[in-house]
Amino acid sequence: MSTTLLGAAAIAKAAAPVIKDLYEGAKGTTRKALDRWATAGFPKKLARQLAEIDSVRTIWSPEKNVSLRSFYYPSKLRAPNDRSTKLDSITDLGEGSAVIQGIVGQGKSVLLRYLALQELLRPGNARLPVFLELRKVTKATPLRQAIYKSLSAYEISVDDSLFDYLASSGRIVLLLDGFDELETPLVRETTLELEHLGEQFPDLQVLVSSRPNNEVQKLSKFRVLEIAPLRPEDYSPFLQALSLSAVRIADIVHAIKASPSKVASLISTPLMLTLVVFVYQSEKQIPSDLPEFFERLFYTVFTRHDKLKAAFEREHHSGLSERKLQTLFEAFCFMSLQLGSSRTLSPAQFTEAFELAQDYIEGSRCKEIDFRKDITKVACLMLEEGVGDTTFLHKSIAEYHAAAFVKGSDDAFASRFYAEAAKSWAHWQEPGL
3 MSTTLLGAAA IAKAAAPVIK DLYEGAKGTT RKALDRWATA GFPKKLARQL
53 AEIDSVRTIW SPEKNVSLRS FYYPSKLRAP NDRSTKLDSI TDLGEGSAVI
103 QGIVGQGKSV LLRYLALQEL LRPGNARLPV FLELRKVTKA TPLRQAIYKS
153 LSAYEISVDD SLFDYLASSG RIVLLLDGFD ELETPLVRET TLELEHLGEQ
203 FPDLQVLVSS RPNNEVQKLS KFRVLEIAPL RPEDYSPFLQ ALSLSAVRIA
253 DIVHAIKASP SKVASLISTP LMLTLVVFVY QSEKQIPSDL PEFFERLFYT
303 VFTRHDKLKA AFEREHHSGL SERKLQTLFE AFCFMSLQLG SSRTLSPAQF
353 TEAFELAQDY IEGSRCKEID FRKDITKVAC LMLEEGVGDT TFLHKSIAEY
403 HAAAFVKGSD DAFASRFYAE AAKSWAHWQE PGL
């Protein structure tokens, strides 16, 4: 149920015990700073704050915010013996601070937002959740100051003494989303601050979401918990959470299982399952091989909205035709792999790959920012993350389109490529070029 549907009264009732305890336990200037909590209008302001946490845009609804509780499917954590445990609330994580680790498309941000909502709304609640997107941490606003700003949403003016009181009380929990989205110069300082918080406030639980292999995973006071990949048994309940009909769900699941291609092997995240659903809804089948699947995927993500509108053709930001944009994207993928870029491209890497791609594709002149919008906002084949970084939703998307670029090139280019690739075959063999 959405916080807007739940209502301010119910939220106030859920939050009343923890607010009462914190207020009555405070003394002097600290208590005075919490005076606003005693006002009649506070429950409505608290409800608005939770509504903001609950409101997100998704690949299903890229132009309109929706309640995440209207479509949320519980994430699971990896457990020993290749088992997984469902994660419904912070209590399922146990005590202590933790890093919730996951790859692109596993729904780390949605999970952390959901846990924040559940923490306040669950029966017997004893803590206030403080949700912060770490991309808001800057040189001018370091981690602790950014936390203070998030706490200000609870109608308090936070200073060091008030934060020390709240953090030492054990009655707040910090949910910090997107450690991997920090600017590189801020990583060390933020990591040290997290370490300091753990040492200074042993009763303060801190949850941080991150991709694998970041500095936060090295902190001794943080357990690393890994989001489990989707399994075939997750398909039906996940699609049910998206409000698809039982008949449609059965058709999609059967089509995935019956497909002779390797499409099923790609479905390890909610995002990839969603893309497969897009293709099925457009084609009424799962393509028989991976090249055909990716060909249909590009077409589908560009036209899925437009099929519902008579005589409407969406204008691309780049001004390029769908086919020309696809050709440019194929060249872009090839160049990014040739340059040795990983699945995530920095702004400089994106620019270099884009400029090289334009040099090869005649009639593809457009602005980089407009090309980026088409690929991230319209096609949704890449995702904007952090401060300017752009990530392929799945590594196979880059690999297939790079291979398609070579296949569509003239014989002279293909000959030069294969001659060079033979000298460094390990670099190219995975993309199947």
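Numbering of the sequence shown is given in our numbering, commencing with residue 3 and proceeding in unit increments.
Here a beta-carbon is modelled for each residue, glycine too, at the ideal position from N, C-alpha and C.
Source: prediction; values computed, not measured.
Strand pairing of residue i, partner residues [DSSP]
| i | result |
| --- | --- |
| S99 | F224 |
| D391 | E387 |
| R85 | A81 |
| S69 | S57 |
Bounding residues of the alpha helix (DSSP H) (the contiguous stretch that carries residue i)
| i | result |
| --- | --- |
| S163 | D162 to S171 |
| L153 | L145 to L153 |
| S410 | The question names Ser, but residue 410 is Gly in the sequence shown. That run of the alpha helix (DSSP H) goes K397 to G410. |
| Q120 | K110 to L123 |
| V265 | V265 to L268 |
| R33 | G30 to A35 |
Span of the beta strand (DSSP E) around residue i
| i | result |
| --- | --- |
| L178 | I174 to D179 |
| P131 | L130 to E135 |
Straight-line gap, residue i to residue j (C-alpha atoms, nearest Å)
| i | j | result |
| --- | --- | --- |
| L275 | L244 | 12 Å |
| L117 | A355 | 38 Å |
| K220 | P214 | 11 Å |
| D23 | H396 | 47 Å |
| Q108 | L123 | 24 Å |
| V208 | E191 | 17 Å |
| G96 | L194 | 24 Å |
| A169 | L199 | 9 Å |
| L385 | G98 | 31 Å |
| K375 | E26 | 51 Å |
| Y301 | I61 | 15 Å |
| I21 | W39 | 7 Å |
| P19 | G172 | 14 Å |
| F394 | S212 | 17 Å |
| E387 | P349 | 11 Å |
| L241 | S63 | 15 Å |
| L177 | R298 | 38 Å |
| V189 | E217 | 7 Å |
| V106 | K78 | 15 Å |
| K309 | V303 | Caution is warranted here: a pLDDT of 45 is assigned to K309, below 50, making its placement in the model unreliable, and no coordinate value can be reported. |
| F415 | A333 | 12 Å |
| K223 | F295 | 44 Å |
| Q51 | A381 | 31 Å |
| H319 | I158 | 43 Å |
| Q340 | V226 | 33 Å |
| A359 | I377 | 14 Å |
| R85 | S72 | 27 Å |
| L184 | R325 | 36 Å |
| S270 | P239 | 15 Å |
| M438 | Q287 | With the chain covering only 3 through 435, there is no way to say anything about residue 438. |
| Y150 | A35 | 13 Å |
| L292 | S398 | 9 Å |
| L284 | I254 | At residue 284 the sequence reads Ser, which differs from the Leu that was named. Taking the straight line joining both Cα atoms gives about 12 Å. |
| A142 | D413 | 54 Å |
Buried/exposed call for residue i, threshold 16 Cβ in 10 Å
| i | result |
| --- | --- |
| Y186 | First, the residue type needs correcting, since residue 186 is Thr and not Tyr in the sequence shown. Under this definition T186 is an exposed residue. |
| R233 | exposed |
| I371 | exposed |
| R115 | buried |
| K110 | buried |
| V279 | buried |
| A312 | Residue placement at A312 is flagged as unreliable, the pLDDT there being 37, under the threshold of 50; the coordinate-derived value follows with that caveat. Per the 10 Å Cβ criterion, exposed. |
| S366 | buried |
| G126 | exposed |
| G180 | buried |
| D161 | exposed |
| T31 | exposed |
| T140 | exposed |
| D90 | exposed |
| P262 | exposed |
| H256 | exposed |
| S344 | exposed |
| G104 | buried |
| T93 | exposed |
>> My parser needs the beta strand (DSSP E) runs of 3 or more residues fully inside the segment 198-248; what are they?
In response: 207-212 and 224-228
| Can you list, in chain order, the stretches of the alpha helix (DSSP H) that have 4 or more residues and sit fully within the segment 280-310? | 292-305
Checklist entry - Which parts of the segment 324-388 are runs of the alpha helix (DSSP H), unbroken and 4 residues or longer, counting only runs that do not cross its ends? => result 324-340, 349-362 and 370-375
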